[in-house]
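Q: Let me begin by handing over the structure; questions about it come next.
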Amino acid sequence: MDNAILKCLSINKRYGDVQALTNIDLTVKKGELFGLIGPDGAGKTSLFRILTSLLPADSGTAVVNGLDVEKDFRELRRQIGYMPGRFSLYQDLSVEENLNFFATIFNTTVKENYHLVSDIYRHIEPFKNRRAGKLSGGMKQKLALSCALIHKPTVLFLDEPTTGVDPVSRKEFWEMLKNLKEQGITIIVSTPYMDEAGLCDRIALIQHGKMLSVETPDRITAQFPHKLYRAESKNNYALLGALRQNPEVKSAYMFGEYLHVVFKDKLPHYDETNSKSEDNTQIVFNEIEPCIEDCFIALMNE
Amino acid sequence: MKTISQFLAFVKKEFYHIFRDTRTMLIIIGIPVIQILIIGFAISTEVKNVKIAVYDPSNDISTQKIINRLSSSDHFLFVQHLKSTEEVEGVFKKGKIGMAIIFGSNFNEHLLHTGEASVQLIADATDPNQGLVATVYASSIIADYQQELMQALEIPIQIIPEIRMLYNPEMRSAYNFVPGLMGMIFMLICAMMTSVAIVREKETGTMEVLLTSPVKPIYIIISKMVPYFIISWFIFIIILLMSVFVLKVPVSGSLLWLNVFTLIFIVVALSLGLFISTMVNTQVAAILFSGMGLIMPVMIFSGFIFPIESMPKILQYFSCIIPARWFISGARKLMIEDVEVRYVLKEMFILTGMAIGILVVSLKNFKTRLE
Numbered sequence: 001m002d003n004a005i006l007k008c009l010s011i012n013k014r015y016g017d018v019q020a021l022t023n024i025d026l027t028v029k030k031g032e033l034f035g036l037i038g039p040d041g042a043g044k045t046s047l048f049r050i051l052t053s054l055l056p057a058d059s060g061t062a063v064v065n066g067l068d069v070e071k072d073f074r075e076l077r078r079q080i081g082y083m084p085g086r087f088s089l090y091q092d093l094s095v096e097e098n099l100n101f102f103a104t105i106f107n108t109t110v111k112e113n114y115h116l117v118s119d120i121y122r123h124i125e126p127f128k129n130r131r132a133g134k135l136s137g138g139m140k141q142k143l144a145l146s147c148a149l150i151h152k153p154t155v156l157f158l159d160e161p162t163t164g165v166d167p168v169s170r171k172e173f174w175e176m177l178k179n180l181k182e183q184g185i186t187i188i189v190s191t192p193y194m195d196e197a198g199l200c201d202r203i204a205l206i207q208h209g210k211m212l213s214v215e216t217p218d219r220i221t222a223q224f225p226h227k228l229y230r231a232e233s234k235n236n237y238a239l240l241g242a243l244r245q246n247p248e249v250k251s252a253y254m255f256g257e258y259l260h261v262v263f264k265d266k267l268p269h270y271d272e273t274n275s276k277s278e279d280n281t282q283i284v285f286n287e288i289e290p291c292i293e294d295c296f297i298a299l300m301n302e
Numbered sequence: 001m002k003t004i005s006q007f008l009a010f011v012k013k014e015f016y017h018i019f020r021d022t023r024t025m026l027i028i029i030g031i032p033v034i035q036i037l038i039i040g041f042a043i044s045t046e047v048k049n050v051k052i053a054v055y056d057p058s059n060d061i062s063t064q065k066i067i068n069r070l071s072s073s074d075h076f077l078f079v080q081h082l083k084s085t086e087e088v089e090g091v092f093k094k095g096k097i098g099m100a101i102i103f104g105s106n107f108n109e110h111l112l113h114t115g116e117a118s119v120q121l122i123a124d125a126t127d128p129n130q131g132l133v134a135t136v137y138a139s140s141i142i143a144d145y146q147q148e149l150m151q152a153l154e155i156p157i158q159i160i161p162e163i164r165m166l167y168n169p170e171m172r173s174a175y176n177f178v179p180g181l182m183g184m185i186f187m188l189i190c191a192m193m194t195s196v197a198i199v200r201e202k203e204t205g206t207m208e209v210l211l212t213s214p215v216k217p218i219y220i221i222i223s224k225m226v227p228y229f230i231i232s233w234f235i236f237i238i239i240l241l242m243s244v245f246v247l248k249v250p251v252s253g254s255l256l257w258l259n260v261f262t263l264i265f266i267v268v269a270l271s272l273g274l275f276i277s278t279m280v281n282t283q284v285a286a287i288l289f290s291g292m293g294l295i296m297p298v299m300i301f302s303g304f305i306f307p308i309e310s311m312p313k314i315l316q317y318f319s320c321i322i323p324a325r326w327f328i329s330g331a332r333k334l335m336i337e338d339v340e341v342r343y344v345l346k347e348m349f350i351l352t353g354m355a356i357g358i359l360v361v362s363l364k365n366f367k368t369r370l371e
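In order, the protein sequence lines correspond to chains A and B. The letter at position 191 of the first sequence is residue 191 when you use the working numbering, and the numbering goes up by one with no holes. The letter at position 208 of the second sequence is residue 208 when you use the working numbering, and the numbering goes up by one with no holes.
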């Protein structure tokens, strides 16, 4: 791919006995909003740290914006923006002081790049004299994003920016990312929330340090190899037990207030959309389109 | 130019951290002042009712007059006559007296015929200040008597007081605590606070962001040291002023060299703090490390509290690696003994060497990555 801005080849990372990353290959295109989706402990943060030159990989190479993360880390650090998973600004400095500080250490001024952050920063500007530690979770993330953006990075790494943020702020945050993307910034974002995956251009599913799949969200769901049914009954818990006992069921799991079921063949025993379980309660089966989480679970079980 | 403004932004930020954290402020400004004041008021310079014992084999008119004058002054309280000089140690040990006065035999005869007689003043210098002042008062009372006698007799006579300090012959006075205290305070402020300040950035995750910035790690480090360097110097000046005006310590040596010498020590302490911060990852560990690893040894092995000369040989050798030992010894020379700077060159070279050594090691140890 010619327009690749980030390329990594067979990255391995081990912490003592734990293999954190195994043979990670990844390519991100210029201008993409790329999502790294996986549960806690999947290796998202480790990969981010390697890509931002904070952590040396045990083996493999990674090139970001044409710069090797090991050899050219000095130059690389000028060009990327990184927002760690944990709130990593100075809690005892005010909003404005934080922004000014980060602008200065990245050799720029708030004035110079205000247009980049204005969309985000104006939300918190009324509180610019408040200490960062006293901001709400959503405002903290906005400030952190402003600080990571103030030097106009070509690639922006956001490690779980929406973890612990309320649903409204999460939605707002993703809106902001879309706007940033339009300004030509490549954004690589990690999240444990599968529902955010659909908002990315392409996503990588990662689990136990291994890449499961790298595709557009649509194609990932299109590649789902089975028919997926949504089941519901008055006693979902008992139904889940019964389905898991059934040899014809490939997998069954809770999904919100429903159960998602995949059969090995088709819908044999329960071939009616209205079936009865042993204790005579009504079970309703509906064929549905799989979502990213279903794909993730299917890939995980392979 | 950009590097300078980056650097200044860092220093400014560091000052914000310090001034906005009351705990930090209390530690760095409060502790030195309180310690100096405690020591200042613990020293009583007023000497009253020092109990005296007298050995007087002559028992003539001169010795009796001297004894009378001593006893009638406010400063002394006559307790007993001694039968022999051997008794002196016994009464001191029992704590009965603070000073013993030993006259020679045939005191008056010697005085009249040879024009010279001697009297020994033996003071208990466990409290060095008390001991010293007692002998000074006694000597001046004796000198008064000598003066009067000389005028009456119209011949030159001289009573020579021979002063001996028991238990603390070096006269380690409370003045001597000031350099030791400074050694400890600088370890506290420079080493502990610097290490905590750097490790805090690791703990809160801000180091991650700083490391992904184009700022060179060495600037991150130096900008952490600058505020503590300035504050330490400021505190040094406060301590000096308080020593002179509150404790009345005669700071007699060269102020310039005292400053230079102290600043070298401050750099040593800062580099130690930096060194610790490269070893540990939590603030608690940094405090434990600097508390147990630096401040304790300063109190025990630097000569601050326990004289190095009276330690077992092996501990004396060990004390050589404690920077504060060299600082205290040099600062005592410069502040109190008023010697020329060439006598502290040894201490200065050792401390400079230590500063460079520790700085090089810790800068090499400082990681430009997280691992």
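Ideal Cβ positions, reconstructed from N, Cα and C, are used throughout, including at glycine.
#1: With a cut-off of 8 Å, do at least 3 Cβ pairs link the region 215-229 of chain A to the region 281-301 of chain A?
#2: By Cβ distance, which residues of its chain are closer than 6 Å to B/Ile-163, with the 5 residues on each side in sequence left out?
#3: Going by DSSP, what residue range makes up the alpha helix (DSSP H) through B/Phe-7?
#4: Taking 8 Å as the threshold (C-beta atoms), are A/Phe-157 and A/Leu-51 in contact?
#5: May I ask you to report which of helix, strand or coil DSSP gives A/Ile-288?
#6: Could you list the residues in the region 181-210 of chain B with a C-beta less than 7 Å from some C-beta on chain A, going in chain order?
#7: B/Gln-6 CB to nearest chain D CB: under 8 Å?
#8: Where does A/His-260 sit, in a helix, a strand or coil, going by DSSP?
#9: May I ask you to list, following chain order, the residues of the region 13-42 of chain B that have a beta carbon less than 9 Å from some beta carbon of chain A?
#10: Buried or exposed for A/Met-176, going by 16 or more other Cβ atoms inside 10 Å?
#11: Check whether the Cβ atoms of A/Leu-36 and A/Met-83 sit closer than 8 Å, and answer yes or no.
#12: Could you compute how far the alpha carbon of B/Tyr-16 sits from the alpha carbon of A/Asp-92?
#13: Which residue's Cα is closest to the Cα of A/Phe-140: A/Gly-164, A/Pro-247, A/Glu-293?
#14: Using the Cβ count rule (16 or more neighbours within 10 Å means buried), how would you classify A/Lys-171?
#15: For the beta strand (DSSP E) containing A/Ala-148, name the first residue and the last one.
#16: Buried or exposed: B/Val-244, going by 16 or more other Cβ atoms within 10 Å of its Cβ?
#17: Report all residues from its chain with a CB closer than 7 Å to the CB of A/Glu-272; omit the five preceding and five following residues, and keep chain order.
#18: Compare the C-beta of A/Asn-107 with all C-beta atoms of chain B and state if any pair is closer than 8 Å.
#19: Can a CB atom of chain A be found closer than 8 Å to the CB of B/Ser-254?
#20: Please return the same chain residues whose Cβ sits closer than 6 Å to the Cβ of B/Gly-330, not counting the five positions on each side in sequence.
#21: Roughly how many whole angstroms lie between the Cα atoms of A/Ala-103 and A/Gly-198?
#22: Report the option in B/Glu-309, B/Ser-302, B/Phe-327 whose CA atom is closest to the CA atom of B/Ser-319.
#23: Tell me which residues of the region 8-29 of chain A have at least one Cβ-Cβ distance to chain B shorter than 7 Å, keeping chain order.
#24: Tell me whether the region 65-78 of chain A and the region 222-235 of chain B touch, counting them as touching only if at least three CB pairs, one residue from each stretch, are closer than 8 Å.
#25: For A/Lys-13, list the residues DSSP reports as bridge partners.
#26: If you follow the alpha helix (DSSP H) that B/Lys-224 is part of, which residue opens it and which one closes it?
#27: Which residue wins for smallest C-alpha separation from A/Asn-107, given the options B/Leu-263, B/Ile-4, B/Ile-358?
#28: Cα-Cα, which of A/Leu-143, A/Ile-220, A/Gly-66, A/Ile-203 is closest to A/Ile-124?
#29: For B/Ile-372 and B/Arg-325, I'd like the C-alpha separation in whole angstroms.
#30: Around the C-beta of B/His-110, are 16 or more other C-beta atoms found within 10 angstroms, so that it is buried, or is it exposed?
#31: Can you tell me the Cβ-Cβ gap for A/Ala-42 and A/His-208, rounded? I've got them flagged as a contact below 8 Å.
#32: In this structure, how does DSSP classify A/Thr-221 when only helix, strand and coil are distinguished?
#33: From the DSSP output, in three-state form, read off B/Ile-102 for me.
#34: Does the ligand PLP have even one heavy atom less than 7 Å from the beta-carbon of B/Leu-270?
#35: What residues of chain A sit near B/Ser-140, judged by a beta carbon separation below 8 Å?
A: In short, the structure shows the following:
#1: yes
#2: Leu-121, Thr-135
#3: 2-20
#4: yes
#5: strand
#6: Thr-204, Gly-205, Thr-206, Glu-208, Val-209
#7: Considering every chain present, this structure includes no chain D. Its protein chains are A and B.
#8: strand
#9: Lys-13, Tyr-16, His-17, Arg-20, Asp-21
#10: buried
#11: no
#12: 8 Å
#13: It is Lys, not Phe, that sits at residue 140 of chain A in the sequence shown. Ranking the options by Cα distance to A/Lys-140, first place goes to A/Gly-164.
#14: exposed
#15: Taken as a continuous stretch (DSSP letters only), A/Ala-148 belongs to no beta strand (DSSP E), being part of the alpha helix (DSSP H) at 137-149.
#16: exposed
#17: Reliability of the predicted coordinates at A/Glu-272 is poor, the pLDDT of 48 falling under 50, and no value is obtained from them.
#18: yes
#19: no
#20: Phe-261, Val-344, Glu-347
#21: 32 Å
#22: B/Ser-302
#23: none
#24: no
#25: A/Leu-21
#26: 217-245
#27: B/Ile-4
#28: A/Leu-143
#29: Because chain B in this structure spans residues 1 to 371, residue 372 of chain B falls outside the shown range and cannot be described.
#30: buried
#31: 7 Å
#32: helix
#33: strand
#34: Summarising the ligand content, the structure contains no ligands, and the ligand PLP is consequently not present.
#35: Those do not exist, as B/Ser-140 stays about 59 Å from chain A at its closest Cβ, beyond 8 Å.
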